[in-house]
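Written out below as structure tokens is the structure these notes cover.
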Amino acid sequence: MSGFSASVCLFCGARPGRDAQHVQAARETGAMLARNHWRLVYGAGDSGLMGEAARAAQAAGGQTLGVIPTHLMPRERAGGARNGDGRAGLVVTETMHERKKVMFTNSDAVVVLPGGAGTLDEFFEVLTWAQIGLHGKPLLLLDAGGFWQPLVALVDHVIAQGFAEASLRALFDAVPDVPALAQALERSLPVAGVAGVALEAP
Ligand code: AMP
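So the sequence shown is numbered by this note's numbering: it starts at 6 and just counts up by one.
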């Protein structure tokens, strides 16, 4: 396989979590992206679900683009680049904000796997960008085992309490497993791929 038809930004935990199904889902996601010729854009870490997804994508011959700030290199990229076959690009940024922006602008869609505070920050940042009309990229939560149901309930609660428009809920979708994720991406990704849609500085 050479090249890629579209790019998918993956936000997910730098830890593996306690439930092995999430490690499995991260591996399946990486392999699924490679199979579909979709480039994986991720936080360049070797650890947790991030590392699992990237290694699976690379092992399946997929392209990856890792984006990491200098100060996180020792912590999240302790193992260094894992493949030197030219399929794994790496961008080093100065700041976390720059990292998020580079990941986002080089992607056609955003997928969120289970994760912690960093993943939540990333999800809410791109959700708020969508809310104020800065982009219309697909935003998909991989809800394996119902992991994201508390988040969906929180968003519903915020809407019910009058702190957001009901339309906020339509800006993202939760899918139950990797096959459903692949179908959702298939439906929503542009045929030719982006990326590079400029994001106004928020
Ligand atoms: P976590 O979900 O906490 O494991 O973090 C997942 C990824 O999000 C890691 O690569 C973190 O470096 C990153 N991250 C943590 N905090 C932030 C932040 N404020 N902005 C952007 N990324 C972050």
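Note that beta-carbon positions come from the ideal geometry of N, C-alpha and C, so glycine has one too.
Asked                                                                                                                                      : Found
Curious, which full-length alpha helix (DSSP H) runs of at least 4 residues does the segment 6–80 contain?                                 : 25–40 and 53–64
Looking at Q68: is its Cβ nearer than 8 Å to the Cβ of R44?                                                                                : yes
Considering only their Cβ atoms, is the gap separating L125 from L176 smaller than 8 Å?                                                    : no
To the nearest angstrom, how far is it from the Cα of L144 to the Cα of R104?                                                              : 18 Å
Within the present structure, is the beta-carbon of G53 separated from the nearest heavy atom of ligand 1 by less than 7 Å?                : yes
Cutting at 6 Å between CB atoms, please list the residues of its own chain near F121, excluding the five before and the five after it.     : Looking at the sequence itself, residue 121 is Gly, so the reference to Phe does not match. Closer than 6 Å at Cβ, skipping near neighbours: G18.
Whole angstroms are fine: how far does the CA of E33 sit from the CA of S193?                                                              : 19 Å
With hydrogens ignored, establish whether the beta-carbon of L77 is closer than 7 Å to any heavy atom of ligand 1.                         : yes
Please state whether DSSP places L156 in a helix, a strand or coil.                                                                        : helix
Please check the pair G71 and Y47, which I expect to be a contact at CB under 8 Å, by giving their CB distance rounded to whole angstroms. : 6 Å
Which word fits T100, buried or exposed, when buried means at least 16 other C-beta atoms lie within 10 angstroms of its C-beta?           : exposed
Determine the closest residue to Q136 out of A30, F168 and Q29, with distance taken between C-alpha atoms.                                 : F168
Helix, strand or coil, according to DSSP, for T100 in the structure here?                                                                  : coil
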